[in-house]
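Chemist: Sequences listed follow chains F and C, in order. Each number in our numbering corresponds to the 1-based position in the first sequence with 27 added. Each number in our numbering corresponds to the 1-based position in the second sequence with 50 added. For every residue, glycine included, the Cβ atom is placed at its ideal position computed from N, Cα and C. Fair warning: this is a prediction, and the values are worked out from it, not measured in the lab.
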Amino acid sequence: MLNKNVIQDLLNEALVTGADFAELFFEDTNQEAIRVTSKDVSNVSFNNVHGVGVRLIKNNDVVYGYSNDVSEEKVRALVMSLSASFSGDKKEATPLREALPFDNKVKRPMESVPASEKTEKLLALSDVILSHDPRIVQSITQLLSWKQSILVANSNGVYQNDERHYARVILMGVASENGQMQQVFEGPGRAMGFEIFDDVNPFELAKDVAERAIHMLSAQPIVAQEMPVVLANGWGGVIFHEACGHPLEATAVAKGLSPFTGKLGQAIGSSVVTAYDDGDVDGAWGRTSFDDEGMKTQKNLLIENGILKSYLVDYRNGLTMHHKPTGSGRRQNYKFPPTSRMNTTYIAPGKDKVEDIIKDTKYGLYAKQLGGGQVSPATGEFNFSVSEGYMIEDGKLTTPVKGAMLIGKGHEVLFKIDKVADNLDFGQGMCGSISGAIPTDVGQPTIRVSKMTVGGAGGQA
Amino acid sequence: MNTKKWIELGLSKGLSDVEISVSESTSLKLVSYEGKIEQNTISDVSTVSIRGIYEGNIGKVKFEFISDDQVDKMLDKVIENAKVLTVKEPAIIYEGSPSYPEVKVNDFDFASVPMTKKVEDLITLEMRIRNNEKVSNVQTAVYQENTSGAILTNSKGLHLTRKNRFAYAYGVGVFKEGDDVTTAYEFDIFKTYDQFDPNKLADITIEKGLKSLGPVSLPTKFYPVVFSNETFSELLSVFSGLYSAESAYRHLTPFENKVGESIAQSNFNLIDDPLHEKAYFQIPFDDEGVACKKKYIIKDGVFQGFMNDLKMASIFNQDPTGNSFSGGIQTTNLYLEPGEKSFDALIEPIQDGVYITELVGLHAGVKAISGDFSLQASGFKIEQGKVVYPVNMIVVSGNFFEVMNAIEAFGNDLKFDVSGFGSPSVFVKSLSISGESK
Numbered sequence: 028m029l030n031k032n033v034i035q036d037l038l039n040e041a042l043v044t045g046a047d048f049a050e051l052f053f054e055d056t057n058q059e060a061i062r063v064t065s066k067d068v069s070n071v072s073f074n075n076v077h078g079v080g081v082r083l084i085k086n087n088d089v090v091y092g093y094s095n096d097v098s099e100e101k102v103r104a105l106v107m108s109l110s111a112s113f114s115g116d117k118k119e120a121t122p123l124r125e126a127l128p129f130d131n132k133v134k135r136p137m138e139s140v141p142a143s144e145k146t147e148k149l150l151a152l153s154d155v156i157l158s159h160d161p162r163i164v165q166s167i168t169q170l171l172s173w174k175q176s177i178l179v180a181n182s183n184g185v186y187q188n189d190e191r192h193y194a195r196v197i198l199m200g201v202a203s204e205n206g207q208m209q210q211v212f213e214g215p216g217r218a219m220g221f222e223i224f225d226d227v228n229p230f231e232l233a234k235d236v237a238e239r240a241i242h243m244l245s246a247q248p249i250v251a252q253e254m255p256v257v258l259a260n261g262w263g264g265v266i267f268h269e270a271c272g273h274p275l276e277a278t279a280v281a282k283g284l285s286p287f288t289g290k291l292g293q294a295i296g297s298s299v300v301t302a303y304d305d306g307d308v309d310g311a312w313g314r315t316s317f318d319d320e321g322m323k324t325q326k327n328l329l330i331e332n333g334i335l336k337s338y339l340v341d342y343r344n345g346l347t348m349h350h351k352p353t354g355s356g357r358r359q360n361y362k363f364p365p366t367s368r369m370n371t372t373y374i375a376p377g378k379d380k381v382e383d384i385i386k387d388t389k390y391g392l393y394a395k396q397l398g399g400g401q402v403s404p405a406t407g408e409f410n411f412s413v414s415e416g417y418m419i420e421d422g423k424l425t426t427p428v429k430g431a432m433l434i435g436k437g438h439e440v441l442f443k444i445d446k447v448a449d450n451l452d453f454g455q456g457m458c459g460s461i462s463g464a465i466p467t468d469v470g471q472p473t474i475r476v477s478k479m480t481v482g483g484a485g486g487q488a
Numbered sequence: 051m052n053t054k055k056w057i058e059l060g061l062s063k064g065l066s067d068v069e070i071s072v073s074e075s076t077s078l079k080l081v082s083y084e085g086k087i088e089q090n091t092i093s094d095v096s097t098v099s100i101r102g103i104y105e106g107n108i109g110k111v112k113f114e115f116i117s118d119d120q121v122d123k124m125l126d127k128v129i130e131n132a133k134v135l136t137v138k139e140p141a142i143i144y145e146g147s148p149s150y151p152e153v154k155v156n157d158f159d160f161a162s163v164p165m166t167k168k169v170e171d172l173i174t175l176e177m178r179i180r181n182n183e184k185v186s187n188v189q190t191a192v193y194q195e196n197t198s199g200a201i202l203t204n205s206k207g208l209h210l211t212r213k214n215r216f217a218y219a220y221g222v223g224v225f226k227e228g229d230d231v232t233t234a235y236e237f238d239i240f241k242t243y244d245q246f247d248p249n250k251l252a253d254i255t256i257e258k259g260l261k262s263l264g265p266v267s268l269p270t271k272f273y274p275v276v277f278s279n280e281t282f283s284e285l286l287s288v289f290s291g292l293y294s295a296e297s298a299y300r301h302l303t304p305f306e307n308k309v310g311e312s313i314a315q316s317n318f319n320l321i322d323d324p325l326h327e328k329a330y331f332q333i334p335f336d337d338e339g340v341a342c343k344k345k346y347i348i349k350d351g352v353f354q355g356f357m358n359d360l361k362m363a364s365i366f367n368q369d370p371t372g373n374s375f376s377g378g379i380q381t382t383n384l385y386l387e388p389g390e391k392s393f394d395a396l397i398e399p400i401q402d403g404v405y406i407t408e409l410v411g412l413h414a415g416v417k418a419i420s421g422d423f424s425l426q427a428s429g430f431k432i433e434q435g436k437v438v439y440p441v442n443m444i445v446v447s448g449n450f451f452e453v454m455n456a457i458e459a460f461g462n463d464l465k466f467d468v469s470g471f472g473s474p475s476v477f478v479k480s481l482s483i484s485g486e487s488k
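(1) Mind listing, in chain order, the continuous beta strand (DSSP E) runs of no fewer than 3 residues lying wholly within the stretch 380-416 of chain C?
(2) Suppose contacts are defined by Cβ-Cβ distances below 8 Å. Is F/Asn188 in contact with F/Ala120 by that definition?
(3) For F/Ala488, does the count of other Cβ atoms within 10 angstroms reach 16, so buried, or fall short, so exposed?
(4) Is there a Cβ of chain F sitting closer than 8 Å to that of C/Asp422, yes or no?
(5) Taking C/Lys110 as the query, report the chain F residues whose CB atoms sit under 7 Å from its CB, ordered along the chain.
(6) Cβ atoms of F/Gly45 and F/Lys148: under 8 Å apart, would you say?
(7) Expressed to the nearest angstrom, what Euclidean distance is found between the alpha-carbon atoms of F/Asp225 and F/Leu171?
(8) Using the Cα positions of C/Phe366 and F/Leu433, report the straight-line distance between them to the nearest angstrom.
(9) F/Gln401 and F/Glu269 look like a contact to me (Cβ under 8 Å); what is the Cβ gap, rounded to whole Å?
(10) Restricting to Cα atoms, I'd like to know which of F/Gly333, F/Met457 and F/Ser316 is closest to F/Lys326.
(11) May I have the straight-line CA-CA distance separating F/Ala41 from C/Val81, to the nearest angstrom?
(12) Can you give the Cα-Cα distance for C/His326 and C/Leu286, rounded to whole angstroms?
(13) If you run the structure through DSSP and keep just helix, strand and coil, what is F/Ala488?
(14) Measuring CA to CA, which of F/Lys378, F/Thr426 and F/Lys362 is closest to C/Val95?
(15) Note down the Cα distance separating F/Glu50 from C/Pro440, rounded to an integer number of angstroms.
(16) Any beta carbon of chain F sitting closer than 8 Å to that of C/Ser93?
(17) Below 8 Å on C-beta distance, what does F/His77 contact in chain C?
(18) With DSSP run on the structure shown, which of helix, strand or coil describes C/Ile116?
(19) Please identify, using Cβ separations under 8 Å, the residues of the stretch 426-450 of chain C that lie next to chain F, in order along the chain.
(20) So which residues of chain C does F/Met208 contact, with C-beta pairs closer than 7 Å?
(21) Of all the residues that make up the stretch 474-485 of chain F, which are near chain C by a beta-carbon distance shorter than 8 Å?
(22) Given that C/Gly415 touches chain F, what residues does it touch there, using C-beta distances under 8 Å?
(23) Determine, using beta carbons only, whether F/Ile61 comes closer than 8 Å to chain C.
(24) Here's the rule I'm using: 16 or more other beta-carbon atoms within 10 Å means buried, otherwise exposed. How should C/Ser283 be labelled?
(25) Our contact map puts F/Val71 next to C/Leu135 with C-beta atoms below 8 Å; I'd like the distance itself, whole angstroms only.
(26) Taking Cβ-Cβ distances shorter than 8 Å, what residues in chain F pair up with C/Asn493?
(27) With a threshold of 8 Å between beta carbons, is C/Gln315 in contact with chain F?
(28) Please report how far the alpha carbon of F/Leu83 lies from the alpha carbon of C/Ala363, in whole angstroms.
(29) Quick check on F/Ala488 - is its C-beta less than 8 Å from some C-beta in chain C?
(30) Ordered along the chain, which non-local residues of its own chain (more than five positions away) have a Cβ less than 8 Å from that of C/Lys154?
(31) Looking at chain F, which residues of the stretch 133-164 of chain C have a Cβ within less than 7 Å of any of its Cβ atoms?
(32) What residues in the stretch 168-192 of chain C bring their beta carbon closer than 8 Å to a beta carbon of chain F?
(33) Check C/Asp467 in the structure and name its three-state DSSP category.
(34) Please list the terminal residues of the continuous alpha helix (DSSP H) segment that includes C/Leu208.
(35) Confirm, please, whether the CB-CB distance from F/Met199 to F/Ser166 is below 8 Å.
(36) Counting only beta-carbon atoms, is C/Lys510 nearer than 8 Å to chain F?
The structure is reproduced here in structure tokens:
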């Protein structure tokens, strides 16, 4: 790692051709994956990501360079090569401040835990899945963990390090009967060390994974139709993430691509919808103390009673949009320039009770578990899949259904949310966008959307 | 990098065999917006991967912080990781195949093209799209070039190298008519710079966008469905893991006991061909140093066998197929054999059907293991044998294993995508389409 004086010199040199802003981002990440298949530890791998990303901005134009070679000589050559893209009067970098303290609150960092302790947990979890039912033919459990150490310094005086610890427990079960196979997956993640095993109830989840796989063997393909959809709490929040979160990112808003462009202060959803993106939820998978531009993360109110309150904004898009950055500058690693991204995004709890919402639904779909989804921020069109669902008939849950795919337009669906329950929960995933794949939480209480297009293979061919 | 020294160091630490691969890549990426370059990215990254066998188990590491000291630590890590394994499976580092296929190396140096020319061409691409009267914005326009090289060497004396150079470009147009918004792009990959024709690429993008303006959803029911060559390639890709020997060994594929049995209709032929001339990349050897070769996965509807790596070849007592990539078993260039029908002839018998040209959310809407898929789609309505108007916001659902037995006709328009999956357009008898009632 280069020392602070050298970094200060490099930032000054970066501005000699007239760039307005220069930033150096150093990273060293060590990632470990341990996998148990059935009754054996079948795979252990280690991956180190190490390098520097250099970013210069002038009038909103960006030049970016990255290399795994962080020697002073190499970084200087990179700075020179990038600054040659600009011409103009030399600017001065602000003297670098002192780094602010960060607290990642990790109790047992993974690197301090012996491998045997990790494999013991994974083997026990695998056994819970495998021994649940003779129809379970395979179980895979995995512990993914990484520690990302970063240092970001820029010509505005920011000098900030941070250390992020991530842990994720993957649980998978495969059930098979009469040539039919069903696979169920859970992947709780936390910004934690080994204490994740005390936090996420993995043994209960493992049992649940096995039970759901068995259950899905008898699920019928859903008949395609339009109907009300009740989305269960937790992972159900992926609908808000796709339909609303991505289009609120400055990446889409700054260029006027998002349907929410220019809508601050206006109603963009039903009045029962209040939503936040929070970069600082203790232990949350999507948490960092500081963002990848060195700004302290914060809790951002996005929508209040249906009214749009804020976008998610990074430094560069903030300049274009005349909007304060929201601590949302993120990137997968040094190979990406940062941009506005989500952390822990959720719909705030309402007052309805889940039982009442279901009782109140004459006919519809109860989406208990969701798979992933995708959105096109320009058109607002999104989709997400239901991995475990039940029909609702006369206010009661009936047949299990499979293969349901929900589609809609984000700016329309927000107006169709007519019930919000009081049971906020979260789910974890890797969110992919132009600055790479990053850990994010999605969250919501159980909600009802009054009408959605539901795709499925059931019915008459 | 002194790989020879590192191998010796590994052996001296007690590893019985050591394999090192070093990959080096450089890239340039230009992004244009509103007629100027808004982002210019350059990169230069080397990565070292080491695999080593310790007491019969294989440990592996991959790292970017490269120094002799670090390699020393990483070799210790290989041993540490190997010790954690409890599985009793063959651990093999390869002495090499008897011979390797000849592959033409692309030696075109994209760096020899002046930067000003690349900038000019990319801006031409963006502005030609932008200047169309139905285009409200260009989301992004990108030119990227990549050069990569890799060395694979091991303690059994293997020493193989490969090089790769290519560039690509695309521009995403946002097309608007009234309240209706749609995006369109065409991805073009090229091996020499003179293959880059920004005007033509812009025109294809515009044509695609204009054609899909004013889409409607469709009434929910079962329709005859034609998948474009590009969308059927995507379906082939998401189910390709089912043909892996590891999936069979771990009970993760329904084809586990189906070798020699019919799993598709009798004119369904699925082939993995590392050297296919229409594919973007020709691949002489896999990540373990095994020579790649052409093989049928499904021939005349009958499942021919699994693709493997060295470990699985040993477990199943078979010859290695050369399909070890990125730490797992993957296809090289997997394609569905085309038929004889032109596209027009393919859709000619369809009275009331759907032509699908785009599938969205493949990572979420497919359950590979059960064959079920349910995917957001867009494309065109087919009526009386002709493509008539655009449709979007529909979901196409079915079961892929059933589709493999319900194909009415194969087109003659085989096309590969950049990840090495190829297909002709395919006419499927009947699938569920759900849409909106208006």
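Modeler: Based on what the coordinates show:
(1) 384-386 and 402-410
(2) no
(3) The pLDDT assigned to F/Ala488 is 46, lower than 50, so where the model puts this residue is not dependable; a value taken from the coordinates is nonetheless given after this. Counting Cβ neighbours within 10 Å, F/Ala488 comes out exposed, since fewer than 16 surround it.
(4) yes
(5) Ser72
(6) No; because the gap between Cβ atoms is not below 8 Å, this pair is not in contact.
(7) 16 Å
(8) 42 Å
(9) 7 Å
(10) F/Ser316
(11) 21 Å
(12) 17 Å
(13) Confidence at F/Ala488 is low in this model, with a pLDDT of 46, below 50, so the placement of that residue is unreliable and no value is reported for it.
(14) Closest by alpha carbon: F/Lys362.
(15) 46 Å
(16) yes
(17) Phe113, Glu114 and Phe115
(18) coil
(19) Gln426, Asn442, Met443, Ile444, Val445, Val446, Ser447, Gly448 and Asn449
(20) Under the 7 Å cutoff, chain C gives Pro304, Ile419 and Ser420.
(21) Thr480, Val481, Gly482, Gly483, Ala484 and Gly485
(22) Gly398, Asn410, Ser412 and Met432
(23) Yes - at least one Cβ of chain C is within 8 Å of the one on F/Ile61.
(24) So C/Ser283 ends up on the buried side.
(25) 6 Å
(26) Lying outside 51 to 488, the shown extent of chain C, residue 493 of chain C is not represented and no answer is given.
(27) no
(28) 51 Å
(29) Its pLDDT being 46, under 50, F/Ala488 is placed unreliably in this model, and the coordinates cannot settle the point.
(30) Gln332
(31) Val134, Leu135, Thr136 and Val137
(32) Asn187 and Gln189
(33) The answer is coil: DSSP assigns C/Asp467 none of H, G, I, E or B.
(34) Note, C/Leu208: premise wrong, no alpha helix (DSSP H); not H, not E.
(35) At the C-beta level, F/Ser166 and F/Met199 come within 8 Å of one another.
(36) Examination of residue 510 of chain C is not possible in this model, given that chain C is present from 51 through 488 alone.
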